[in-house]
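*Asks:* One structure is given below, represented as structure tokens, and several questions about it will come after.
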Amino acid sequence: MEIVIRSAAQNDYDLLLPLFRQVHEFHVSVRPDLYKENTAPVERGFFESQLADEKQHVFVAAEGDELVGFVVTQQEAITENSFVNARKVLVINSLCVAEAHRKKGIGVQLMHHVFDLGRRLQVNSIELGVSEENAAAIEFYKSLGMTTKSRRMEIPLE
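Everything in the sequence shown is counted per our numbering, starting at 1 for the first residue and increasing by one.
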């Protein structure tokens, strides 16, 4: 069956909730010190606020009536100052393909949709954060031509 990438709608929330859980459960599993278990990691009101925000773009990958993936992006403007140049960035806040549908090109389709959006918005770059624990995601992003821009490090004091 064909995959259709489209903008998310309010009535997609219940179908997306299992995918939101999948992303959150991964984060809980690798960083339980930061993330707490939660059956609704994205609340309906928050989801609806994302859809209403003109700077955020939520896309779903649909296979018939089933949602098999999503991507959430947000436009950001960096103001020029004495330290940095002005830039427009499209940040990917979350990307997920249902486990049963991985390795079928759905993630690539979602990312290419985001790349096309970035071109239409005339942003300077598309950026995202990825957990060092998520080797598969890092390799996926590298396969699309993305490179490491910076690395955030920590030392737990507890």
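Yeah, the Cβ is synthetic: ideal placement off N, Cα and C, and Gly gets one too.
Do you know offhand how far R102's Cα is from A135's?
*Replies:* To locate residue 102, count along the sequence shown from 1; it is residue 102. To locate residue 135, count along the sequence shown from 1; it is residue 135. For R102 and A135, the distance between alpha carbons rounds to 15 Å.
*Asks:* Quick check: what's the CA-CA separation for R120 versus Q74?
*Replies:* Start at 1 with the first residue of the sequence shown, and residue 120 comes out as number 120. Start at 1 with the first residue of the sequence shown, and residue 74 comes out as number 74. Computed Cα separation, rounded: 14 Å.
*Asks:* Distance, Cα to Cα, H57 vs G118?
*Replies:* Residue numbering aside, residue 57 sits at position 57 when the sequence shown is read from its first letter. Residue numbering aside, residue 118 sits at position 118 when the sequence shown is read from its first letter. In a straight line, the C-alpha of H57 is about 11 Å away from that of G118.
*Asks:* Between C96 and chain D, is the shortest Cβ-Cβ distance under 9 Å, so that the two count as touching?
*Replies:* In the structure shown, chain D cannot be found, because there is only a single protein chain.
*Asks:* Can you check whether the CB of L15 is closer than 9 Å to the CB of L67?
*Replies:* Against the sequence shown, residue 67 aligns to sequence position 67. Against the sequence shown, residue 15 aligns to sequence position 15. In contact: L67 and L15 (Cβ atoms closer than 9 Å).
*Asks:* Rounded to the nearest angstrom, how far is the Cβ of V89 from that of E127, given a contact under 8 Å?
*Replies:* Locating residue 89 in the sequence shown gives position 89, counting from the first residue. Locating residue 127 in the sequence shown gives position 127, counting from the first residue. Their Cβ separation, rounded to whole angstroms, is 6 Å, which keeps V89 and E127 in contact under 8 Å.
*Asks:* One question on the structure: do F59 and V71 come within less than 9 Å of each other, judged by their Cβ atoms?
*Replies:* Here the question's residue 59 lines up with position 59 in the sequence shown. Here the question's residue 71 lines up with position 71 in the sequence shown. Cβ distance < 9 Å, so F59 and V71 count as in contact.
*Asks:* Skipping 5 residues on each side, what residues in its chain have a beta carbon closer than 6 Å to that of N85?
*Replies:* The residue labelled residue 85 in the question sits at position 85 within the sequence shown. Counting only Cβ-Cβ distances below 6 Å, and skipping sequence neighbours, we find nothing.
*Asks:* For H24, is the classification buried or exposed, using 16 other Cβ atoms within 10 angstroms of its Cβ as the cut-off for buried?
*Replies:* Here residue 24 refers to the residue found at position 24 of the sequence shown. H24 comes out buried.
*Asks:* Starting from L95, trace the beta strand (DSSP E) in both directions and tell me its first and last residue.
*Replies:* Translated into the one-based positions of the sequence shown, residue 95 becomes position 95. Residues R87 to V97.
*Asks:* Short check: CB of I3 to CB of A62, under 9 Å?
*Replies:* Here residue 3 refers to the residue found at position 3 when the sequence shown is read from its first residue. Here residue 62 refers to the residue found at position 62 when the sequence shown is read from its first residue. Cβ distance < 9 Å, so I3 and A62 count as in contact.
*Asks:* Taking buried to mean at least 16 other C-beta atoms within 10 Å of its own C-beta, is A9 buried or exposed?
*Replies:* Taking the first residue of the sequence shown as position 1, residue 9 is located at position 9. By the neighbour-count rule (16 or more Cβ atoms within 10 Å), A9 is not buried but exposed.
*Asks:* Following the continuous alpha helix (DSSP H) through R159, name the residue where it begins and the one where it ends.
*Replies:* A question about residue 159 goes unanswered here, because the residues of the chain that appear run from 1 up to 158.
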